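Residue numbers for the sequence shown follow the working numbering, so the first one is -8 and each next one is one higher. Glycine is no exception: its CB is placed at the ideal position from the N, C-alpha and C atoms. What you are looking at is a predicted structure, and each value in this text was computed from that prediction instead of being measured. Below is one structure, written out as structure tokens; comments come after it.
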Amino acid sequence: MSNLDRRRDWTVLKLIEWSGQYLEEKGVERGRLDAEHLLAHAMSTTRLDLYLQYDRLLSGPELDQYRPLLTRRARREPLQYIVGRAGFRNLELEVDQAVLIPRPETEILVDEVLQWVSENKLKIP
């Protein structure tokens, strides 16, 4: 982690590229995507906005906020716990270590049940 030096000039794009590679070296499957999510979270912006300002230099405080997030992800902590939210269907849920992260298979199950309810003309309470 020492390579994320605060004295170096980090642009948004350079930091995403470096962080993505760093996470992949630590065994994170989607390193670049996770780096984007973490940086967007640290900067209180969206992934799209990161690329709209890809050449912007990050400030020291922004790097200080990002560094521990990246460290947690490199230790394989789930991204959803780090950023405190997880998507489920069309909802954005707040999550922490006290709850399970919704899985894609659960969304499929809900879709199947809703389809079955509709086909059988049942009412949802």
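Skipping 5 residues on each side, what residues in its chain have a beta carbon closer than 7 Å to that of residue i?
{"i": "residue 121", "result": "This structure cannot settle anything about residue 121, because the visible part of the chain is limited to -8 through 116."}
{"i": "residue 88", "result": "72"}
Taking residue i as the reference, which of the options has the closest Cα?
{"i": "residue 52", "options": "34, 67, 8", "result": "34"}
{"i": "residue 50", "options": "81, 21, -5", "result": "-5"}
{"i": "residue 4", "options": "22, 37, 21, 41", "result": "41"}
{"i": "residue 91", "options": "-1, 22, 55, 76", "result": "76"}
Run through the DSSP bridge pairs and tell me what residue i is partnered with.
{"i": "residue 76", "result": "85"}
{"i": "residue 2", "result": "48"}
Please tell me whether residue i has its Cβ less than 8 Å away from any Cβ of chain C.
{"i": "residue 84", "result": "As a matter of chain content, chain C is missing from the structure shown, which is built from one protein chain."}
Can the beta-carbon of residue i be found closer than 8 Å to that of residue j?
{"i": "residue 28", "j": "residue 74", "result": "yes"}
{"i": "residue 57", "j": "residue 30", "result": "yes"}
{"i": "residue 96", "j": "residue 79", "result": "no"}
{"i": "residue 84", "j": "residue 93", "result": "yes"}
{"i": "residue 1", "j": "residue 54", "result": "yes"}
{"i": "residue -1", "j": "residue 11", "result": "no"}
{"i": "residue 61", "j": "residue 32", "result": "no"}
Starting from the C-beta of residue i, find all residues in its chain whose C-beta is less than 8 Å away, skip the five residues before and the five after it, and write them out in chain order.
{"i": "residue 67", "result": "17, 18, 19"}
Within a Cβ cutoff of 6 Å, which residues of the same chain sit near residue i, ignoring the five residues on either side of it in sequence?
{"i": "residue 8", "result": "none"}
Query raised in the report: Between the stretch 10 to 25 and the stretch 40 to 56, do three or more beta carbon pairs fall short of 8 Å?
Result: no
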